[in-house]
């Protein structure tokens, strides 16, 4: 079945490059991507970006530690609901929110998508529901424990049942991180999210300073590399240079 993919930039985050990639120097400003997938059986978002409170009070929303580490660039109109409305899509009529993982720049907009079912790896949900693990991993249940219907999955999952949209477990960054593989008319695309921040992460295996499991993250990079060798286009999670080449909605990604 035909799948259409749209990309939105829902703000930016600036922080120490070395936190995101071994050997990085100085600061780097990275995009906060959100994707809309339209399928004959429904509409899904892959991640939802930042919470709108980050537009006016990042420290109040994220806490003083995170707000000191990461400077948020996020203006009214850049939140996921506004991005959807700008291309004529009703946030209340999104069927699924597929969260790659539970960090603040990937689930902050879940609250703006009120009627969706949330699709997440069971390992990520369990980590988010454990207070000690959530605190260690930087998860805030206010972002994701909002009463949405849940679809908890274990490993690979065929979202619409026809092989066109597949959740891929890419653990390591967090306990239950997942990427998303899509079959477009032009070929296969993999939305890596934080399994692979940058092109250089994949090419040089330069990992971020902090990860739940570095060995699992390396294995996930091996999986992404194998998919790329087989012809898939990898969409890196926060690569500003790559992101400049990605068409933004209302244009679709061919």
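Residue numbers (the numbering used here): 505 to 758. Cβ atoms here follow ideal geometry from the backbone N, Cα and C, with glycine treated the same way. This structure is a prediction, so every number in the text was calculated from the model and none was measured.
1. With H, G and I counted as helix, E and B as strand and the rest as coil, what does DSSP make of residue 545?
2. Based on the DSSP output, what are the partners of residue 634 in its beta bridges?
3. Between residue 586 and the rest of its own chain, which residues show a CB-CB distance below 8 Å, the 5 nearest in sequence each way excluded?
4. Just verifying my parser: in three-state terms, what is the DSSP assignment at residue 735?
5. Excluding five sequence neighbours on each side, which residues of the same chain lie with their C-beta closer than 6 Å to the C-beta of residue 654?
6. What's the call for residue 650, buried or exposed, on a 16-neighbour Cβ count within 10 Å?
7. Quick check: the Cα distance between residue 705 and residue 525, rounded to an integer number of angstroms?
8. Per DSSP, residue 624 forms a beta bridge with which residues?
9. Report the option in 596, 755, 666 whose CA atom is closest to the CA atom of residue 619.
10. Do the segment 734 to 745 and the segment 688 to 707 touch if we need at least three Cβ pairs shorter than 8 Å?
11. Is it buried or exposed, residue 640, if we count other Cβ atoms within 10 angstroms and call 16 or more buried?
12. Measure the alpha-carbon distance for residue 686 versus residue 561 and round it to whole angstroms.
13. Please state whether DSSP places residue 668 in a helix, a strand or coil.
If we stick to the structure as given:
1. coil
2. DSSP output for residue 634 lists no bridge partner at all.
3. The residues are 580.
4. coil
5. 622
6. The residue is exposed, with fewer than 16 neighbouring Cβ atoms inside 10 Å.
7. 7 Å
8. DSSP output for residue 624 lists 656 as bridge partner(s).
9. 596
10. Taking 8 Å as the limit for Cβ pairs, the verdict is that the segment 688 to 707 does touch the segment 734 to 745.
11. exposed
12. Spanning the two alpha carbons is a distance of roughly 36 Å.
13. coil
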